[in-house]
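A.B. asks:
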Amino acid sequence: MKKEKSAGAIIYYTENGIIYFLLVKSTYWGFVKGWIEENESITETIKREAKEEANLDGLEFIKGFEYKQHWTYRMNNQLISKDAVFYLAKISKEEAKNVKISFEHVEFKWASFDEAMKLLRIKDNQKMLAKAYEFVKEHEKQKRL
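Here numbering that gives the first Met the number 0 is used: the first residue of the sequence shown is 0, the next is one more, and so on.
#1: When the Cβ atoms of the segment 52–60 are set against those of the segment 97–112, are three or more pairs found closer than 8 Å?
#2: Using the rule of at least 16 other Cβ atoms within 10 Å of the residue's Cβ for burial, across every protein chain shown, is Ile17 buried or exposed?
#3: Mapping DSSP to helix, strand and coil, what is Arg120?
#4: Assign Leu22 to buried or exposed, taking buried as 16 or more other Cβ atoms, counted over all protein chains shown, within 10 Å of its Cβ.
#5: Considering only residues of the same chain and omitting the five flanking positions on each side of Glu3, which have a CB-CB separation below 8 Å?
#6: Quick check on Trp70: buried or exposed, where buried means 16 or more other Cβ atoms within 10 Å of its Cβ?
#7: Identify whether His138 lies in helix, strand or coil by the three-state DSSP scheme.
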């Protein structure tokens, strides 16, 4: 069985106390992610993918959040085992305006938590976003104290 490793990010910004998450759509809505290239760290992969897929720089990784996913799929009659790790990354409201999606996607959206939960079809992505949302709320609250 072939094995693949990917890394991605739940990218967000805040405005007037509302948290907005970046969703990108190819076949379905999801998050920025891609294969980890040889000799590349997880954060290097995420920075590269954010630039390639969404034209975003200036990611501020939020320490303490990590979410791992595993699934298998079939491509060209070959079974593939895939592992992905996601980090949480904040960007400025100004940087959020720079999103330009790559050919890999057909659409992007800055969505509130409730809207994002409705758009995400994959249950594990919903679970991951719910954990990220709680983490972000606590992180933002601590910054205000």
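Note that CB positions come from ideal geometry on N, CA and C, so glycine has one too. Being a predicted model, the structure only gives us computed values, none of them experimental.
C.D. replies: Result, derived from the coordinates:
#1: The answer is yes - the segment 97–112 touches the segment 52–60, with three or more Cβ pairs under 8 Å.
#2: Within the sequence shown, numbered from 1, the residue matching residue 17 stands at position 18. Of the residues assessed, Ile17 falls on the exposed side of the cut-off, its CB having fewer than 16 other CB atoms within 10 angstroms.
#3: Here residue 120 refers to the residue found at position 121 of the sequence shown. The three-state secondary structure of Arg120, taken from DSSP, is coil.
#4: Working through the sequence shown from its first residue, we reach residue 22 at position 23. The residue is buried, with at least 16 neighbouring Cβ atoms inside 10 Å.
#5: Along the sequence shown, read from residue 1 onward, the residue named residue 3 stands at position 4. Cβ within range, chain order: Trp34, Ile79, Ser80, Lys81, Asp82.
#6: Position 71 of the sequence shown, counted from the start, is the residue given in the question as residue 70. Trp70 is exposed by the Cβ-count criterion.
#7: Translated into positions along the sequence shown, residue 138 becomes position 139. Three-state result, His138: helix.
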